[in-house]
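S.K.: In the numbering used here, the protein residues as written are 1 to 309.
Note that CB positions come from ideal geometry on N, CA and C, so glycine has one too.
No experiment lies behind these values; they were computed from the predicted model shown.
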Amino acid sequence: MRLRTAVSTSGLAVLLLISGCTSSGDDGNQDDTAGSTAAPGQSGGPADEGTTPSDGSAPVLLALGDSISVGFGACGEATACPEASWVTGEDPAVDSIRARLAEAWGVTDVPTSNFARPGAMAADLAGQAQRIVPTDGEGLVTVLVGSNDVCTGSVAAMTSPEEFRAAIDQVLQTVGERAPGAVTVLASVPGVASIYASFRGDSQARDAWAATRVCRSLTGSASGSPEADGERVAAVQERVDQLNEQLAAACAAVDNCVYDAGAVHDWLPEPDDLSDVDAFHPSTTGQAELAEAVWDAAAGTQQMDALAP
């Protein structure tokens, strides 16, 4: 699916972004099925900080989030792989949002900045959004967060729905204040509990989880019986559902926001869609599927169409 509106690029203002800062989430200490480092205390590395600013003839794309958006593990190493990012990546195999926007707008490339960081939780994203230089220009901001809010050291340590909503409201407020012409696309929290349940019987996946200590609230007892896992998996799934409800409500409460209606959450990967590093982060093919899921949810919406000059 491609953006249904035929968009001319003339007159489309540019969303200018700050480079060179670090976000509060760049600590790499959170377990993250879709947003942290492969092992506690191990940094996933910085994301691509962005391309040369546009001359004003193309829209600008900004990514906020955790390690999924920096392509952590997608290239077979326990580090960020910016070229494989579902948002800003340049790998043709991914067909990222960047590539899809360029095609839709009829430009060679889209200027991008990726401020996502491994380990980031919802509370960290307002700091990422603060890196936007105030502007009245137009652009697209993607937000994918929440995995670290449920992939904690224990079920009891998961972020509450109230805390999560307050953090998302702050992100949307910050984007709205600094770039009121930008459209924000909120991706749903991935279905980490479903992914865990699907691969729990795979010995290679269990070995990878044990070695990397990824998402301990789910995988901490992966060697136990299915019965013992039941309550823990149900609790994580319930919290994911609650956080996605908060995302939908927060997005509906502001202008220029598109929620993916659960597209990322509903993604259930095949083995090849997960990284060989930890069997939890998306591989290059997984990143490509996420790009398609988010694009299909956002393209052709009123907010996206409004970006046309």
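Rounded to whole angstroms, what's the CA-CA distance from T112 to E238? Just pull it up for me.
M.R.: Counted from its first residue, the sequence shown places residue 112 at position 112. Counted from its first residue, the sequence shown places residue 238 at position 238. T112 and E238: Cα-Cα distance of roughly 35 Å.
S.K.: DSSP beta-bridge partners for L144?
M.R.: Taking the sequence shown and counting its residues from 1, the one referred to as residue 144 is at position 144. DSSP lists G65 as partners of L144.
S.K.: Could you check if Q302 is buried or exposed, using at least 16 other CB atoms within 10 Å of its CB as the buried criterion?
M.R.: For this step, residue 302 is matched to residue 302 along the sequence shown. Per the 10 Å Cβ criterion, exposed.
S.K.: Sorted by chain position, which residues of the same chain lie with C-beta nearer than 6 Å to R4's C-beta, five sequence neighbours on each side aside?
M.R.: Translated into the one-based positions of the sequence shown, residue 4 becomes position 4. Here R4 scores only 31 on pLDDT, less than 50, and its place in the model should not be relied on; the value that follows carries that caveat. Here the set comprises G300.
S.K.: On the CB-based measure, 16 or more other CB atoms within 10 Å of its CB, does T284 come out buried or exposed?
M.R.: By 1-based counting over the sequence shown, the position of residue 284 is 284. The residue in question, T284, is buried, as its Cβ has 16 or more Cβ neighbours within 10 Å.
S.K.: Would you call the segment 182–189 and the segment 114–121 touching, i.e. three or more CB-CB distances under 8 Å?
M.R.: These segments do not touch.
S.K.: What does the Cβ neighbour count give for V254, buried or exposed, with the cut at 16 atoms within 10 Å?
M.R.: For the purposes of this step, residue 254 is taken as residue 254 along the sequence shown, with counting starting at 1. V254 should be labelled exposed.
S.K.: Please confirm whether G106 and R98 have their CB atoms less than 9 Å apart.
M.R.: Within the sequence shown, the letter at position 106 stands for residue 106. Within the sequence shown, the letter at position 98 stands for residue 98. No.
S.K.: Could you check where the alpha helix (DSSP H) with A126 kicks off and where it finishes?
M.R.: As a first step, residue 126 is located in the sequence shown; it is residue number 126 there, counting from the start. Looking at the DSSP string, the run of the alpha helix (DSSP H) that includes A126 is L125 to A129.
S.K.: Compare the beta carbon distance of W209 and D278 with 9 Å and say whether it is the shorter of the two.
M.R.: On the sequence shown, residue 209 is found 209 positions in, with the first residue counted as 1. On the sequence shown, residue 278 is found 278 positions in, with the first residue counted as 1. The answer is yes: Cβ separation under 9 Å.
S.K.: D66 to G286, Cα distance in whole Å?
M.R.: Start at 1 with the first residue of the sequence shown, and residue 66 comes out as number 66. Start at 1 with the first residue of the sequence shown, and residue 286 comes out as number 286. Whole-angstrom Cα-Cα distance: 16 Å.
S.K.: Go ahead and label E162 buried or exposed: buried means 16 or more other beta carbons lie within 10 angstroms of its beta carbon, across all protein chains shown.
M.R.: Counting from one through the sequence shown, the residue named residue 162 turns up at place 162. Exposed, by the Cβ-count rule.
S.K.: So for E292, helix, strand or coil by DSSP?
M.R.: Here residue 292 corresponds to residue number 292 of the sequence shown, with the count starting at 1. Here E292 sits in helix by DSSP.
S.K.: With a CB to CB cut of under 7 Å and the five nearest residues on each side skipped, what residues in its chain are close to V155?
M.R.: Residue numbering aside, residue 155 sits at position 155 when the sequence shown is read from its first letter. If we look at V155 and ignore the five residues flanking it on each side, its Cβ neighbours are S217, R232, A235 and V236.
S.K.: Can you tell which of S275, P134, G153 and G191 has its C-alpha closest to the C-alpha of V338?
M.R.: What the structure shows of the chain is the stretch from 1 to 309, and residue 338 is not part of that stretch, so it cannot be assessed.
S.K.: Indicate the three-state DSSP secondary structure (helix, strand or coil) for A211 in the structure shown.
M.R.: Indexing the sequence shown from 1 puts residue 211 at position 211. A211 falls in the helix class under three-state DSSP.
S.K.: Does the distance from the CB of P92 to the CB of N114 come in under 9 Å?
M.R.: As a first step, residue 92 is located in the sequence shown; it is residue number 92 there, counting from the start. As a first step, residue 114 is located in the sequence shown; it is residue number 114 there, counting from the start. No, Cβ-Cβ distance for P92 and N114 is not below 9 Å.
S.K.: Over what stretch of residues does the beta strand (DSSP E) that includes L186 continue unbroken?
M.R.: Here residue 186 refers to the residue found at position 186 of the sequence shown. That run of the beta strand (DSSP E) goes G181 to L186.
S.K.: Per DSSP, what kind of secondary structure is P134 in: helix, strand or coil?
M.R.: Within the sequence shown, residue 134 is the residue found at index 134, counting from 1. The answer is coil: DSSP assigns P134 none of H, G, I, E or B.
S.K.: Starting from S113, trace the beta strand (DSSP E) in both directions and tell me its first and last residue.
M.R.: Mapped onto the sequence shown, residue 113 falls at position 113. Its beta strand (DSSP E) spans residues T112 to N114.
S.K.: Taking the straight line between their C-alpha atoms, what separation do you get for T219 and Y196?
M.R.: In the sequence shown, residue 219 corresponds to position 219, counting from 1. In the sequence shown, residue 196 corresponds to position 196, counting from 1. The alpha-carbon atoms of T219 and Y196 are separated by roughly 8 Å.
S.K.: Kindly give me the distance between the Cβ atoms of V189 and N256, rounded to whole angstroms, as I take these residues to be in contact under 8 Å.
M.R.: As a working mapping, residue 189 is identified with position 189 in the sequence shown. As a working mapping, residue 256 is identified with position 256 in the sequence shown. Not really, about 21 Å apart at Cβ, beyond 8 Å.
S.K.: Where does P282 fall in DSSP's three states?
M.R.: One-based indexing of the sequence shown puts residue 282 at position 282. P282 falls in the strand class under three-state DSSP.
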